[in-house]
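> Structure provided below as structure tokens; questions to follow.
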Amino acid sequence: MLGVGVHRPSGIHGWWAAPLAAIGVLVAVAPLVLSFVPSSAAVHKSRCTAYDTSVNPPVCTARVDEAIEYALVPADAEQVEPRLSINGATTYDTKGRIYFVTITEPKISLLDWLVTRDDAAARFLSHHDKYGDQTAQQLTQSGQQQMRSAKDNAVYVALKAAGYPVELKPGDVVVDFLLCLKANEAGTECEQFSPADKLLNPGDHLTAVDGTPLKTVDDLPPILKGISPGTSVEIEFTRNGTPMKGTIETIAAPNEQTQRTIIGFRPIDTTTVELPDGINVQINTDLIGGPSAGLAFTLTLIDQLTEGDLMGGKKVAVTGTIDLNGNVGAIGGLNSKASAVQQVGVKYFLVPAAQDQQGWPDTVAAARKVVGNDVQIIPVATLQEALDALVRIGGDPVKLATLPAT
Numbered sequence: 001m002l003g004v005g006v007h008r009p010s011g012i013h014g015w016w017a018a019p020l021a022a023i024g025v026l027v028a029v030a031p032l033v034l035s036f037v038p039s040s041a042a043v044h045k046s047r048c049t050a051y052d053t054s055v056n057p058p059v060c061t062a063r064v065d066e067a068i069e070y071a072l073v074p075a076d077a078e079q080v081e082p083r084l085s086i087n088g089a090t091t092y093d094t095k096g097r098i099y100f101v102t103i104t105e106p107k108i109s110l111l112d113w114l115v116t117r118d119d120a121a122a123r124f125l126s127h128h129d130k131y132g133d134q135t136a137q138q139l140t141q142s143g144q145q146q147m148r149s150a151k152d153n154a155v156y157v158a159l160k161a162a163g164y165p166v167e168l169k170p171g172d173v174v175v176d177f178l179l180c181l182k183a184n185e186a187g188t189e190c191e192q193f194s195p196a197d198k199l200l201n202p203g204d205h206l207t208a209v210d211g212t213p214l215k216t217v218d219d220l221p222p223i224l225k226g227i228s229p230g231t232s233v234e235i236e237f238t239r240n241g242t243p244m245k246g247t248i249e250t251i252a253a254p255n256e257q258t259q260r261t262i263i264g265f266r267p268i269d270t271t272t273v274e275l276p277d278g279i280n281v282q283i284n285t286d287l288i289g290g291p292s293a294g295l296a297f298t299l300t301l302i303d304q305l306t307e308g309d310l311m312g313g314k315k316v317a318v319t320g321t322i323d324l325n326g327n328v329g330a331i332g333g334l335n336s337k338a339s340a341v342q343q344v345g346v347k348y349f350l351v352p353a354a355q356d357q358q359g360w361p362d363t364v365a366a367a368r369k370v371v372g373n374d375v376q377i378i379p380v381a382t383l384q385e386a387l388d389a390l391v392r393i394g395g396d397p398v399k400l401a402t403l404p405a406t
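Quick note, the sequence shown lines up with residues 1 to 406 if you use UniProt numbering.
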């Protein structure tokens with residue numbers, strides 16, 4: 001009887017088996033390995049460190065390569081109302097819901113970078129991008145100060161609009177962030193900051209400009225009014241309690257025809273609010289930092305302090321700073337925040353119109369590309385524009401005692 005034998009493949013036909021198996025193992029193991037390799041080991045970006053301020057806008061003349069260590073990515077969009085507590089004032093039931101939006105900046109691996117490098121909702125950061133010369137603790141403290149200012153501004157504007165007498169107490173001049181003069185084509189990175197970036201860091205307290213003492217933010221414009229853009233001024237400031245000084249070349253305010261002279265940073269609004277006796281307003285933000293929830297807080301307070309349905313029963317996400325005059329200011333990470341709104345299924349998103357006026361990396365157009373038709377992004381420049389926008393999507397007009405002058 002003849003049998004059919006099973007034979008080992010000859011060398012000429014089976015030479016590829018071992019390499020193929022090895023490749024299979026590598027393919028399976030590579031993602032695991034890359035998840036333990038920090039992105040900083042292989043990925044870098046450039047940052048401008050010197051500027052020619054003889055032209056407007058200033059031109060970058062020197063750059064440094066920095067490792068990418070972090071990513072700015074969507075975190076969450078959550079309701080404001082559960083975080084509010086109002087005592088001593090008449091409040092009304094609300095039907096609609098306002099959401100404030102957060103982002104996060106985790107340390108990333110090389111695998112994280114490979115997976116998200118083409119995601120417009122993510123922005124990649126070097127250590128300097130995230131911290132400047134601050135420690136993690138100092139950055140947290142700065143963010144908490146910004147949040148306190150955002151809440152104070154919201155309480156002042158909302159209660160004033162609802163007819164309550166409120167008073168203001170001015171505070172110090174503190175650097176919030178350095179202005180971005182040029183963003184990349186994708187609108188996701190700042191390629192050139194103002195020359196003040198060479199001297200100042202977020203959290204610095206300015207005490208004098210060209211020998212003139214600064215007590216509040218209101219003292220700064222009169223000092224700069226008589227100074228032409230491109231002029232060097234001496235800045236005295238404190239950093240973590242240590243007195244320091246240096247020279248900065250001023251610039252013209254970006255996208256303004258007035259050629260208004262500025263130093264090149266946005267200050268934190270450190271003004272505090274004094275409420276009438278018997279009235280207490282609390283906004284619980286836990287460890288969340290930053291100023292970008294100011295408009296969301298303001299609208300939620302107005303909704304509770306006035307009759308009517310401000311949102312027409314709808315869910316509306318809101319981002320943007322609010323100043324004491326009711327102006328809505330630009331914020332960071334708009335692309336990531338738009339993505340967060342999309343992920344929770346909210347269809348309307350009020351954002352600062354100032355995103356397109358201040359040279360910010362995240363523009364309204366860029367955010368719209370991130371979410372497509374899933375979210376209607378509505379830019380607003382003032383509190384009144386925000387209220388008008390809510391009426392257009394079905395909310396009730398609100399009868400307010402007064403609005404801060406814009």
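C-beta: ideal position from N, C-alpha, C; glycine also.
Inspect the CB distances between the segment 137-150 and the segment 62-69 and report whether three or more fall short of 8 Å.
Result no; under three Cβ-Cβ pairs closer than 8 Å.
> Going by the CB atoms, is the gap between P202 and D172 shorter than 8 Å?
No, they are not a contact pair.
> From the DSSP secondary-structure annotation, give me the bridge partner or partners of F124.
In DSSP, F124 forms a bridge with A71.
> Out of Q376, G326, I279, A330, which one is the CA nearest neighbour of N87?
N87 has its Cα closest to that of I279, out of Q376, G326, I279, A330.
> Could you give the residue range of the alpha helix (DSSP H) that holds D303?
Note, D303: alpha helix (DSSP H), 294-305.
> What residue does the alpha helix (DSSP H) around residue 471 start on, and which one ends it?
With the chain running from 1 to 406 in the structure shown, residue 471 is simply not present.
> Considering only residues of the same chain and omitting the five flanking positions on each side of T272, which have a CB-CB separation below 6 Å?
Around T272: D152, K169.
> What residue ranges within the segment 141-192 form continuous beta strand (DSSP E) runs of no fewer than 3 residues, ordered along the chain?
Counting only runs of 3 or more, we get 167-169, 173-178, 180-183.
> When you compare each of G395, P106, V174, Q259 to S39 by their alpha carbons, which one comes out closest?
Comparing Cα positions, the closest option is P106.
> Taking only the alpha-carbon atoms, compute the straight-line gap between V55 and E234 and give it to the nearest angstrom.
Taking the straight line joining both Cα atoms gives about 20 Å.
> What number of angstroms, rounded off, separates the C-alpha of Q355 from the C-alpha of R83?
Each residue's Cα considered, the two are about 27 Å apart.
> So the candidates are Y99, V346, K198; which of them puts its Cα closest to the Cα of E249?
Residue K198 is the option with its Cα nearest to E249.
> Which ranges does the alpha helix (DSSP H) cover as unbroken runs of at least 4 residues, wholly within the segment 268-351, from first to last along the chain?
List check, alpha helix (DSSP H) in window: 294-305, 334-344.
> May I have the straight-line CA-CA distance separating A41 from T116, to the nearest angstrom?
Computed Cα separation, rounded: 17 Å.
> Look at the Cβ atom of K245, then the Cβ atom of V101, and state whether they are nearer than 8 Å.
No, they are not a contact pair.
> Counting beta carbon pairs with one atom in the segment 117-131 and one in the segment 310-321, are three or more of them shorter than 8 Å?
Flag = no, the segment 310-321 and the segment 117-131 do not touch.
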